[in-house]
Each structure stands twice: as C-alpha cells, then as structure tokens.
Amino acid sequence: MKKTGAWLTCYALEQIGVTRVFGIPGAHNADIYRELEHSARITPHLVTHEASAAFMADAVSRTTDTIGTLLVVPGGGITHATSGIAEAFLSGIPLLVIAGGVEQQTGHRYQLHDIDHHSLLKPITKATFLVESANDIAPTLFEAYRCAMEGERGPVFVEIPIDLQANSFDVRTLPEFHGHPNQPHLDSAAIEEAAQRLINAKQPGLFIGWGARHASASLQALASHLGAPVATTLQGLGVFPASHPLHAGMGFGPAAVPAAQQAFADCDCLLAVGTRFSETSTGNYGMSPPANLIHVDINPDVFNANYEAALTLQGDGKTVVDALLSRISELRPNAANSQVLAKTIATLKQEYLDSWLKLPGDRVNPARFLTALRTHLPADALLACDDGNHTFLAAELFPILPGGNFISPSDFNAMGYCVPATNALKLCHPDQVVVGIVGDGAMMMTGMEAITASKYHLGVIYCLFNDGELSQRSSQRPGRYGAMSKLGEADWIAFAHAVGCEYVAVEDNQEIESALNTAMSLAAKQQPVFMDVHVDYSRRSAFSEGLLKARQKQSGRTSRARWLAQALKDKIVG
300 MKKTGAWLTC
310 YALEQIGVTR
320 VFGIPGAHNA
330 DIYRELEHSA
340 RITPHLVTHE
350 ASAAFMADAV
360 SRTTDTIGTL
370 LVVPGGGITH
380 ATSGIAEAFL
390 SGIPLLVIAG
400 GVEQQTGHRY
410 QLHDIDHHSL
420 LKPITKATFL
430 VESANDIAPT
440 LFEAYRCAME
450 GERGPVFVEI
460 PIDLQANSFD
470 VRTLPEFHGH
480 PNQPHLDSAA
490 IEEAAQRLIN
500 AKQPGLFIGW
510 GARHASASLQ
520 ALASHLGAPV
530 ATTLQGLGVF
540 PASHPLHAGM
550 GFGPAAVPAA
560 QQAFADCDCL
570 LAVGTRFSET
580 STGNYGMSPP
590 ANLIHVDINP
600 DVFNANYEAA
610 LTLQGDGKTV
620 VDALLSRISE
630 LRPNAANSQV
640 LAKTIATLKQ
650 EYLDSWLKLP
660 GDRVNPARFL
670 TALRTHLPAD
680 ALLACDDGNH
690 TFLAAELFPI
700 LPGGNFISPS
710 DFNAMGYCVP
720 ATNALKLCHP
730 DQVVVGIVGD
740 GAMMMTGMEA
750 ITASKYHLGV
760 IYCLFNDGEL
770 SQRSSQRPGR
780 YGAMSKLGEA
790 DWIAFAHAVG
800 CEYVAVEDNQ
810 EIESALNTAM
820 SLAAKQQPVF
830 MDVHVDYSRR
840 SAFSEGLLKA
850 RQKQSGRTSR
860 ARWLAQALKD
870 KIVG
C-alpha cells in the first residue's frame with residue numbers, strides 16, 4: 300500500500316496515544332497538519348507563538364497520562380519553542396517535539412531554516428532524532444516516546460524532512476507500537492533498610508516532589524502511619540493535599556513558612572521522594588536535611604548531588620512508596636499518634652495567614668484575594684502560575700485540595716508560562732474549573748495567547764496580579780532595580796477586549812467578592828476572563844524572604860555591604 304510520510308507520522312502519534320498537538324503550520328510541516336486534521340484521535344491546536352505551544356504541551360504532560368506534543372517549523376519555530384523545551388527539561392516533563400526539516404535529497408545548501416537543530420537542542424533534550432527514510436518514521440517516533448518516558452522524563456526532538464512527509468512510499472506492514480518504558484528493578488534490601496530507618500526515627504519527615512505525583516494516596520497513608528510532617532517542592536504542591544493534617548507547607552528550611560520550619564525542627568530521618576534538591580526546592584540550598592536522609596528518585600544522577608544521603612533508592616516514586624508503606628505497616632501495625640503535631644501545624648498555618656490578612660493598605664491584599672478565591676473554587680480546581688511573586692504567595696496562601704492541582708515553571712523559571720498553560724489545562728480538563736495567576740510582566744510576554752482561549756471558548760480566569768513592575772526581580776536582593784524593573788503602562792481593559800476576553804477589575808479588598816462572583820459567572824458561560832487585581836506586594840512571601848537571607852549569607856562580606864548600602868539608599872531616596 301502507498302502511504303505518505305505525513306500519514307505515517309499521524310499513524311505513529313495515534314499509536315503512542317497523543318491526543319493534542321500544539322503549534323503553527325508552515326511549509327515544512329503542512330503535510331503533517333493536513334493529516335492531523337483528518338485524525339479521529341488527535342486534535343491539532345493553533346497557537347500564537349511556538350513558546351506557547353511548548354508551555355501548553357508541558358501542561359498536558361503534567362496533568363494527563365498522554366505526552367504533550369508540539370509540531371513546529373524548523374528555524375524560528377524551534378528557537379521560539381526552546382524556552383518551553385528547556386523548562387520541561389529541567390523540570391523532568393516529557394515532551395515530544397516534532398519539526399519538519401529541510402529537503403535531504405536536493406543537495407542544495409542554504410535552504411530556508413537550514414540550521415543544525417540537533418546541536419541547538421542537545422543540551423535541553425534527552426535525545427534528538429533525524430528521520431532519514433519513510434520506513435523509519437514510525438519506529439523513530441516510537442523510540443522517541445520511549446526515551447521521553449523512561450527514567451527521569453524529559454523532552455525529545457524528532458526532525459522529519461519535508462520531502463519524506465509529502466512523498467508516497469510502498470509500505471508492506473505498519474509497525475506496531477512497543478515503546479512502553481522499562482522501570483528499574485525494585486531493591487528489596489534497600490526497601491527493608493529504609494523501612495527500618497523510618498520506624499526507628501523519633502521524628503521522621505517526608506519531602507515530596509513532582510516525581511511522586513502518582514503516589515499521592517500512598518504518601519498520605521504513609522505520613523499518617525508514621526506521624527510524619529510533610530513538605531513539598533514547588534512542583535510537588537499538587538502531589539500532597541494541603542488539607543491533610545500533616546501537610547506543613549512548601550519546603551522546610553529558612554525559606555519555608557513557620558509551620559514547616561517548626562514541624563521539621565526535630566526531624567531525624569527524612570524520606571525525600573521525587574525531588575532533586577534543586578535551588579528552588581531548597582530555597583537557594585538554605586535547608587539542612589538530617590544526616591539520616593533517604594533519597595528516592597527514578598534518576599540515580601540526582602543522588603548526593605547537593606546533599607549526602609544515608610541511603611539512596613532508585614525507582615518509580617509510586618512503586619517505592621507502595622513497597623515502603625506495605626513493609627512499614629507489617630513492621631509496625633499501629634499508626635503513630637500525631638495529634639499534637641497536627642494541632643501545632645494547624646495553629647501555625649492559621650497564625651501565618653492571619654498575619655497577612657491584617658495587613659493595611661489601599662490595594663488588594665494578596666492573602667485576602669487568595670483566601671476568597673479558594674472559597675469560590677471547588678476542591679478539584681486547577682491552578683496555573685507563572686514566574687513571579689504571585690507564584691510563591693499562591694504556594695503559601697492558596698491550599699491545593701484533593702483532586703486539584705498546581706503547575707508553574709520551576710527550575711528553568713521561564714516567564715510567560717501561565718496563560719498558555721491555563722488554556723491547555725482547560726482543553727484537557729473541560730469539566731474542571733481552571734484559573735491562572737500571572738504577573739503583569741509575564742502577561743506582556745504571552746498574553747496574546749488569551750485569544751486562543753477566546754477562539755476555543757475556554758471558560759478560564761486569568762488573575763492578573765498588576766503592580767506595574769517586575770516585583771519578583773526587585774525582591775531577589777536588597778533594594779530595587781530602579782527603572783529597569785518598571786513596566787510600561789498598559790490599558791488592560793482594551794487588551795482584554797481586543798483578544799476576546801471579558802474584563803473585571805479588583806482595585807481594593809472591598810471589591811474582591813463581587814469581582815470573583817462576576818468572573819466565575821462569566822467563565823461558566825465559556826468566556827475567558829481577565830481579572831485585573833491591583834495587588835499589594837509590600838510584604839514578601841516567606842520563600843522570598845528566606846531566599847534573600849540565604850543569598851546574603853552565602854555572599855562575601857563585600858557583596859553584603861554593597862547590597863545593604865544600596866538598600867539603605869533606595870529606602871531614603873526612593
């Protein structure tokens with residue numbers, strides 16, 4: 300039978316289980332897009348920029364069982380997408396990045412978009428593939444999928460030359476998909492040792508990252524059985540519900556909220572699952588895990604990278620946690636009494652929230668807004684954040700409840716993530732309420748993607764935390780960046796209407812409730828909504844405050860003196 304390379308590409312993506320493809324069509328991928336438009340299993344989505352395509356594919360991979368996929372043109376399509384690809388790479392998110400390629404058979408040099416994409420993408424992908432014959436298209440895509448999903452997950456790149464897409468080839472039999480990833484063998488001796496260490500500890504604790512995302516139920520049971528406080532990474536906020544009585548917060552070092560710092564003060568054995576102890580998750584390496592550290596991860600390269608572990612255990616997070624829970628329940632059938640610890644955590648959480656709620660000011664108190672937002676949303680609401688002050692305020696003041704989820708950029712920390720990610724969440728989870736929280740600086744980067752929400756009638760709410768500057772940059776060191784952190788004035792009413800969105804303003808605390816009621820009502824009618832929140836950033840989050848102190852502590856005496864002098868000058872001069 301005769302099949303084009305574009306048809307074979309579509310066939311392979313269907314076999315892998317891809318359901319959505321994001322990107323922009325062009326001369327070098329138009330044949331594949333034409334096939335996708337006729338697919339009964341895959342929906343192609345047009346975006347306004349390839350960076351948004353990568354961020355949307357990232358959100359698909361984070362919150363569904365399918366791999367996020369983008370289809371772009373070579374050259375500018377690839378370079379535009381690299382921010383999202385790098386975000387996925389540093390965060391362990393699988394992506395399938397497909398681009399058309401220049402013709403291979405002409406012998407012509409200096410073709411349009413003719414650059415070495417593989418050298419460009421090598422540092423930010425797990426692997427890159429160049430398809431050289433039509434018979435290799437499906438097997439290569441199967442192998443690329445396996446590579447993306449095996450071990451620590453991440454993005455892969457496949458280049459399919461334009462001449463292979465358009466031409467027809469004789470195909471005797473269609474290849475079958477056998478690309479399911481292998482899992483490392485479970486070390487029963489290490490499970491036994493880890494179980495013994497945890498039950499012998501006076502105060503064990505759990506530190507949970509995104510790599511444990513499928514182990515949520517087992518982790519809750521394990522924490523309750525051990526009487527162990529739980530802290531998460533930024534990416535891990537959706538893994539362990541904040542409503543669990545032993546959930547203490549994000550992180551547990553000096554950059555954590557008081558509840559987490561107190562709960563882990565006497566921790567003598569830490570079980571860390573699915574975290575690499577990166578700069579963000581440790582508050583600039585400010586936390587101090589106990590010597591009795593048990594580190595579980597699918598990728599052995601992360602072991603002992605920043606903190607020495609007493610015991611390392613390579614494996615899938617859910618598989619390992621399930622085995623640990625089973626063995627610990629056998630060794631010690633009775634659960635520990637954690638009522639005092641749970642009460643302490645609850646009290647300190649409430650005191651921290653109260654300290655925010657009582658802050659005076661003419662603008663919107665972020666804690667009042669986030670508390671009200673939480674009450675208006677169902678437990679399973681999905682929240683996307685961008686890179687900014689709002690990210691860590693939401694991490695500390697907006698509890699993620701069972702069934703809900705939280706996604707944001709993390710280790711690569713690319714601004715512009717929220718709006719496209721919010722759109723993708725609603726596309727993939729149409730029956731759940733989806734909200735994005737984005738700073739005005741990040742909105743200026745990918746805000747045009749809101750027109751995609753309008754096009755597809757996505758009832759999402761973009762909470763625009765508007766303060767007129769790059770406030771997170773200003774809070775990362777004493778003093779201010781001055782004019783370099785100030786943004787140009789934008790007419791957000793006109794912008795919202797220009798991209799087909801409704802607009803709701805929240806200028807002070809008294810307007811929060813009515814604005815949320817209006818926004819929720821409009822979103823329920825499949826209308827995207829801009830909520831222009833005139834936020835008060837006069838107080839730093841605990842994370843930002845701790846991060847600043849950690850950087851000051853790690854800097855030399857000369858740098859600290861210069862920073863303090865600049866801070867004093869900024870305070871006096873303004």
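At the far end of the sequence shown sits residue 873, using our numbering, and the numbering has no gaps.
A virtual CB, placed ideally from N, CA and C, is assigned to each residue, including glycine.
Just so we're clear, the structure is a prediction, and the values are computed from it rather than from any experiment.
If you compare alpha carbons, which of 476, 404 and 406 is closest to residue 315? 476
If you follow the beta strand (DSSP E) that residue 436 is part of, which residue opens it and which one closes it? Taken as a continuous stretch (DSSP letters only), residue 436 belongs to no beta strand (DSSP E), being part of the alpha helix (DSSP H) at 436-448.
Using a Cβ-Cβ cutoff of less than 6 Å, which residues in the same chain neighbour residue 325 once the five nearest sequence positions on both sides are dropped? 372
Can you have a look at residue 656 and say buried or exposed, based on whether 16 or more other CB atoms are within 10 angstroms of its CB? exposed
Less than 8 Å between the beta carbons of residue 593 and residue 720, yes or no? no
What number of angstroms, rounded off, separates the C-alpha of residue 780 from the C-alpha of residue 802? For residue 780, the predicted structure reports a pLDDT of 49, less than 50, and the residue's modelled location is therefore unreliable. The matter cannot be settled from this model.
Cβ-based burial, residue 447 [other Cβ within 10 Å; buried from 16]: buried
Residue 657 - DSSP class collapsed to helix/strand/coil: coil
I need the DSSP call for residue 328, collapsed to helix, strand or coil. coil
Would you decide whether residue 484 is buried or exposed? Buried here means 16 or more other CB atoms lie within 10 Å of its CB. exposed
Distance check for residue 660 and residue 542, CA to CA, integer angstroms please. 30 Å
Starting from the C-beta of residue 748, find all residues in its chain whose C-beta is less than 6 Å away, skip the five residues before and the five after it, and write them out in chain order. 347, 351, 718 and 719
Taking only the alpha-carbon atoms, compute the straight-line gap between residue 795 and residue 740 and give it to the nearest angstrom. 15 Å
Between the CA atoms of residue 439 and residue 343 - distance to the nearest angstrom: 21 Å
Between which two residues does the alpha helix (DSSP H) harbouring residue 313 extend? 304-315
Put residue 301 into one of helix, strand or coil per three-state DSSP. strand
Considering just the uninterrupted stretch of the beta strand (DSSP E) at residue 683, what are its terminal residues? 681-684
Residue span of the beta strand (DSSP E) that contains residue 764, given as start and end: 760-764
What's the call for residue 453, buried or exposed, on a 16-neighbour Cβ count within 10 Å? buried
Should residue 300 and residue 722 be called a contact, given that it needs their Cβ atoms to be closer than 8 Å? no
Tell me, which residues are paired with residue 820 by DSSP? For residue 820, which the question treats as bridged, DSSP gives no partner whatsoever.
What residues in its chain sit with their C-beta under 7 Å from that of residue 658, if we drop five residues either side in the sequence? 664 and 838
Of the listed residues 671, 698, 652 and 737, nearest to residue 690 (C-alpha basis): 737
Please return the same chain residues whose Cβ sits closer than 7 Å to the Cβ of residue 822, not counting the five positions on each side in sequence. 758, 759, 760 and 828
Quick test of the definition: if touching needs 3 or more C-beta pairs under 8 Å, does the stretch 545-553 touch the stretch 574-593? yes
Pick out the complete beta strand (DSSP E) segments inside the stretch 335-408, 3 residues or longer, and give them in chain order. 342-345, 367-371 and 394-400
Using the C-alpha atoms, what's the distance from residue 645 back to residue 669? 18 Å
Could you pull the DSSP bridge partners for residue 643 from this structure? Note: residue 643 sits in no beta bridge, so no partner.
Kindly provide the ranges of any beta strand (DSSP E) runs that are 3 or more residues long and lie completely inside the stretch 490-567, ordered along the chain. 503-507, 529-531 and 546-549
Any contact between the stretch 495-504 and the stretch 562-575? By contact I mean 3 or more CB pairs, one from each, below 8 Å. yes
To the nearest angstrom, how far is the alpha carbon of residue 797 from that of residue 831? 15 Å
Please report the straight-line C-alpha distance between residue 835 and residue 400, rounded to a whole angstrom. 48 Å
Report all residues from its chain with a CB closer than 7 Å to the CB of residue 338; omit the five preceding and five following residues, and keep chain order. 309 and 313
What are the complete alpha helix (DSSP H) segments, minimum 4 residues, inside the stretch 589-646? 616-630
Cβ neighbour criterion (16 or more within 10 Å) applied to residue 409: exposed
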